[in-house]
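Q: Numbering (full-length UniProt numbering), first residue to last: 1 to 191. Quick one: the structure is below, questions incoming.
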């Protein structure tokens with residue numbers, strides 16, 4: 001009959017804890033030694049007990065194995081960093097090219113550096129400028145009509161206020177107040 005399954009939880013009894021630690025530590029050291037002998041592997045084992053005591057096993061020199069470990073960790077991190085850096089440089093160069101193209105296009109739209117353009121490019125630029133001019137004229141016309149509409153509303157409002165004031169003056173009568181009679185406004189906007 002085999003042993004029962006051991007529940008993996010912290011051992012509360014200090015004596016049992018030390019016995020189990022000692023047995024399992026020795027088992028780990030034995031497995032590490034077997035792995036290094038059978039497979040010709042470089043093995044380093046570092047164990048700290050709960051009391052802080054150090055136990056170690058090394059198939060060769062511990063410092064050489066740890067240095068090799070550090071180099072492999074840093075080189076893999078460096079590769080990731082190099083890939084990210086390369087991606088950033090590619091993105092920056094792509095954005096620089098796009099920025100230069102936009103600046104060149106802006107200079108052409110402002111009428112600068114036109115001598116380097118071919119006839120076909122000049123015709124395309126002319127069409128773009130015609131469309132832009134047409135849109136600008138449409139927007140200007142729309143804004144002028146909006147202003148005109150606002151002025152008409154103000155004119156109507158002022159005419160209503162003027163009419164109301166005339167009525168109030170007539171109710172007060174000419175004998176009670178000194179005023180100058182005003183005629184209807186003669187200025188009209190015609191479009």
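Using N, Cα and C, we set each Cβ at its ideal position, and we do this for glycine too.
Distance check for residue 99 and residue 67, CA to CA, integer angstroms please.
A: In a straight line, the C-alpha of residue 67 is about 46 angstroms away from that of residue 99.
Q: With DSSP as the reference, label residue 44 as helix, strand or coil.
A: Correct three-state label for residue 44: strand.
Q: Excluding the five sequence neighbours on either side, which residues of its own chain have a C-beta within less than 6 angstroms of the C-beta of residue 59, listed in chain order?
A: Excluding positions up to five away in sequence, the list reads 36, 42, 43.
Q: The beta strand (DSSP E) spanning residue 54 covers which residue range?
A: Residue 54 -> beta strand (DSSP E) spans 54–58.
Q: Rank 5, 4, 56, 40 by C-alpha distance to the C-alpha of residue 27 and give the top, closest one.
A: Among 5, 4, 56, 40, the Cα nearest to that of residue 27 is on 56.
Q: Sort 71, 17, 74 by Cα distance to residue 49 and report the nearest one.
A: With distances taken between Cα atoms, residue 49 lies closest to 17.
Q: Measure how close the beta-carbons of residue 108 and residue 114 come, nearest whole angstrom, since I'm counting them as under 8 angstroms.
A: The pair is a contact, with the Cβ atoms about 6 angstroms apart (cut-off 8 angstroms).
Q: Check for me: the alpha helix (DSSP H) holding residue 19 runs from which residue to which?
A: Unbroken alpha helix (DSSP H) run through residue 19: 14–39.
Q: Given this structure, state the Cα-to-Cα distance separating residue 141 from residue 87, to the nearest angstrom.
A: Approximately 49 angstroms, taken between the alpha carbons.
Q: Could you give the DSSP three-state label for residue 8: helix, strand or coil?
A: Three-state result, residue 8: coil.
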